[in-house]
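*Asks:*
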Amino acid sequence: MYKLPGNAGVSVFGDNSLKFYRDPVSFCQQRIEKHRSRVFQCRMLNRPTAFICSVQGMRELLCEKSNLFLKDPNDLMTNMYGDTVVTTNGEEACLLRLSLTSLFTGGCLGSSSDYITSVCERCLKDLSLSGQPECVYSAFKRLGTELVLGLFLNIRAEEQPDLFQEIMQLCTQHWHGLISAPVNLKVPLWSSGFSTALDARDKLMVIIKDKLENDTQGFVGSLGSLPLPDSTSASQHLLLFISALIPKALASLLTSFTLALSGNKQARLRAMEDPDYLRTVLLEVQRLWPPFIGGRRIADQDTTIAGFPVPKDYGAIYISHSVHRDPEVFQQPDNFLPERWSGRNAGQEHFLCSFGNGPRSCIGTKLTDVFLKEACMYLIKHYNWCLDPPSQDLEYKWLPVSRPANPPTISFTRLDLTRSDRSDTN
Ligand code: HEM
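In my numbering, the protein residues as written are 269 to 694.
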């Protein structure tokens, strides 16, 4: 058997984490070309790590061999969110998923749909009002925040603006801790981002616990009555669900959607009239611009990926950006071609990993799908839009969440759906 291409490097000095964080996409592209392989190794987080950039490798890691590659219980996520389903393994993870999934499917999901419709309308109805170009990422992040705080905590921006604002600020501080160094350093008049984040987390927990004790309605009410492993589990999970992570991921996808269809009135009209075309557009948006760069596991025993040996205790990282551009599966991988999903790649949605894959895939996928369709349909039914100014630097950054490094600005003009609008295809 051939060894994994690349080099596991020496401890500390051979570590590539900083290089990877600076530009993960070029980092992987250069190594794919150098090793002529979409699976290779290098040292990440000071651990020899297999990088998985092929569809076949990703499926092996997340599906066929998911029982051999485990979540890292010492992940930074545990530091910030406590014990949640995200970093647990084995039976505990299965039971948690079983309980939590019930909140994101069937009747529970159905009962969210009126709120999803109303929040999209409230946050998107004024995009053309100022007559100025909109910074779309910020507008969509606000929409995502209204969605999660309304759905998961029953806190509506229009009913409790001060509390809403306070939670939004705390979530931002908490988030900045996740992406700053985990140094809990506090001196008078100065505190590191991480320690500010821990303070923010404590304040959020007080609000969350109060809600769990006193609110019997909606998601928070259902979560409070679920069978969960211990008394802190419900609050830890609520902290995760309302965190800035989800609004940012939603804003990332909505931003990429508006950019992909900006100035393309024909595609917008087609998406408005044909829900299946809108579905293929959204698949192509998540293929090319997945919000998260990927996910990480640790090998629990000696095994293989794509025929290469992966020893026990190796890390394994799947890179969604590279998996989604694997030319073995996606022809013309860098081109935006929604029609591939009704042609050559029809029925191959399981080759994507924007929402993970296999038994540990995202439990919020259906909710996200309902929300994105509602928000995108609102946009295409009510607006024409184009980049303003027409020429902008749209180069993406991929961490912590994918989006153009320079926030793009877009001008929206309200549509009234007359016949002349429908036939005009500028
Ligand atoms: C655009 C929106 C979202 C994206 C792109 C996204 C992406 C992902 C990805 C990539 C994973 C797998 C991580 C891994 O393999 O290590 C994941 C897992 C997860 N997601 Fe999401 N997610 C989104 C929305 C949501 C929502 C709305 C919720 C719930 C409120 C949610 C809850 C979770 C949970 C609990 C897991 C962990 C599942 C497990 O480990 O068993 N996500 N998500």
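In this text, a Cβ means the ideal position worked out from N, Cα and C, and glycines have one as well.
With burial defined as no fewer than 16 other Cβ atoms inside 10 Å of the residue's Cβ, what is the status of Asn-284: buried or exposed?
*Replies:* Answer is buried; the Cβ neighbour count reaches 16.
*Asks:* In whole angstroms, what is the alpha-carbon distance linking Pro-676 and Thr-385?
*Replies:* 25 Å
*Asks:* Got a sec: does the ligand HEM put a non-hydrogen atom nearer than 7 Å to the Cβ of Cys-630?
*Replies:* yes
*Asks:* Counting beta carbon pairs with one atom in the segment 506-518 and one in the segment 540-550, are three or more of them shorter than 8 Å?
*Replies:* no
*Asks:* Do Ile-561 and the ligand HEM come close, with the Cβ less than 7 Å from some heavy atom?
*Replies:* no
*Asks:* With DSSP run on the structure shown, which of helix, strand or coil describes Thr-693?
*Replies:* A caution first: Thr-693 carries a pLDDT of 41, below 50, which makes its placement in the model unreliable, though a value can still be read off. Three-state result, Thr-693: coil.
*Asks:* If you count every other CB in all the chains shown that lies within 10 Å of the CB of Ser-501, and 16 or more means buried, which is it?
*Replies:* Under this definition Ser-501 is a buried residue.
*Asks:* Would you report the Cα separation of Leu-491 and Lys-471, rounded to the nearest angstrom?
*Replies:* Cα-Cα distance, rounded: 20 Å.
*Asks:* Expressed to the nearest angstrom, what Euclidean distance is found between the alpha-carbon atoms of Ser-305 and Glu-328?
*Replies:* 16 Å
*Asks:* Output needed for Met-269: all residues of its chain with C-beta closer than 8 Å, excluding positions within five of it in sequence on either side, in chain order.
*Replies:* Thr-572, Gly-575, Phe-576 and Pro-577
*Asks:* For the alpha helix (DSSP H) containing Tyr-545, list its first residue and its last residue.
*Replies:* 543-556
*Asks:* Please name the residue, chosen from Thr-346, Tyr-349 and Pro-341, that lies closest to Asn-357 on a Cα-to-Cα basis.
*Replies:* Looking at Thr-346, Tyr-349 and Pro-341, the one whose alpha-carbon comes closest to that of Asn-357 is Pro-341.
*Asks:* Within a Cβ cutoff of 6 Å, which residues of the same chain sit near Ser-590, ignoring the five residues on either side of it in sequence?
*Replies:* Excluding its 5 nearest sequence neighbours in each direction, Ser-590 has C-beta neighbours in its own chain below 6 Å: Cys-296 and Cys-321, listed in chain order.
*Asks:* Can at least three beta-carbon pairs, one atom from the segment 588-605 and one from the segment 330-344, be found at a separation below 8 Å?
*Replies:* The segment 588-605 vs the segment 330-344: no contact.
*Asks:* Please list, in chain order, all residues of the same chain as Asp-692 whose beta carbon is under 8 Å from its beta carbon, the five residues on each side excluded.
*Replies:* With a pLDDT of only 45 at Asp-692, under 50, the local geometry of the prediction cannot be trusted, and the value read off the model is given with reservation. So the list reads Lys-533, once near-sequence residues are dropped.
*Asks:* Once the 5 residues before and after Val-488 are set aside, which same chain residues still bring their CB inside 8 Å of it?
*Replies:* Phe-420, Leu-421, Asn-422, Lys-479, Leu-480 and Leu-506
*Asks:* On the DSSP letters alone, give me the boundaries of the beta strand (DSSP E) that Ser-263 sits inside.
*Replies:* The structure shown does not extend to residue 263, since the chain spans only 269 to 694, so no value can be given for it.
*Asks:* Give the secondary structure of Val-455 by DSSP, where H, G and I count as helix, E and B as strand, and everything else as coil.
*Replies:* The predicted model places Val-455 with a pLDDT of 47, which falls under 50 and marks its position as unreliable, so this point remains unresolved.
*Asks:* Comparing the CB of Gly-624 with every heavy atom of the ligand HEM, is any distance shorter than 7 Å?
*Replies:* yes
*Asks:* Leaving out five residues before and five after Gly-531 in sequence, what residues of the same chain have Cβ atoms less than 6 Å from its Cβ?
*Replies:* Cys-654
*Asks:* Leaving out the 5 sequence neighbours to the left and right, which residues in its chain are closer than 7 Å to Ser-367 when beta-carbon positions are compared?
*Replies:* Leu-494, Pro-495 and Leu-496
*Asks:* Name the two residues that bound the continuous beta strand (DSSP E) containing Asn-652.
*Replies:* 651-655
*Asks:* Applying the 10 Å Cβ sphere with the 16-neighbour rule, what's the burial state of Asn-674?
*Replies:* Here Asn-674 is exposed, its C-beta having fewer than 16 other C-beta atoms within 10 Å.
*Asks:* Straight-line CA distance for Lys-701 to Lys-580?
*Replies:* Nothing can be reported for residue 701: it is not among the residues displayed for the chain, which extend from 269 to 694.
*Asks:* Sort out for me which residues DSSP pairs Cys-621 with in a bridge.
*Replies:* In the DSSP output, where bridge partners are listed per residue, Cys-621 has none listed.
*Asks:* With H, G and I counted as helix, E and B as strand and the rest as coil, what does DSSP make of Thr-526?
*Replies:* helix
*Asks:* For Ser-398, collect the residues of the same chain with a Cβ closer than 8 Å to its Cβ; drop the 5 residues on either side in sequence, then sort them by chain order.
*Replies:* none
*Asks:* Would DSSP call Ile-320 helix, strand or coil?
*Replies:* strand
*Asks:* Considering only residues of the same chain and omitting the five flanking positions on each side of Pro-672, which have a CB-CB separation below 6 Å?
*Replies:* A distance below 6 Å between beta-carbons, with the five flanking residues on each side excluded, links Pro-672 to the following residues of its chain, in chain order: Leu-662 and Tyr-664.
*Asks:* Taking 7 Å as the cut-off, is the C-beta of Ile-573 nearer than that to any heavy atom in the ligand HEM?
*Replies:* no
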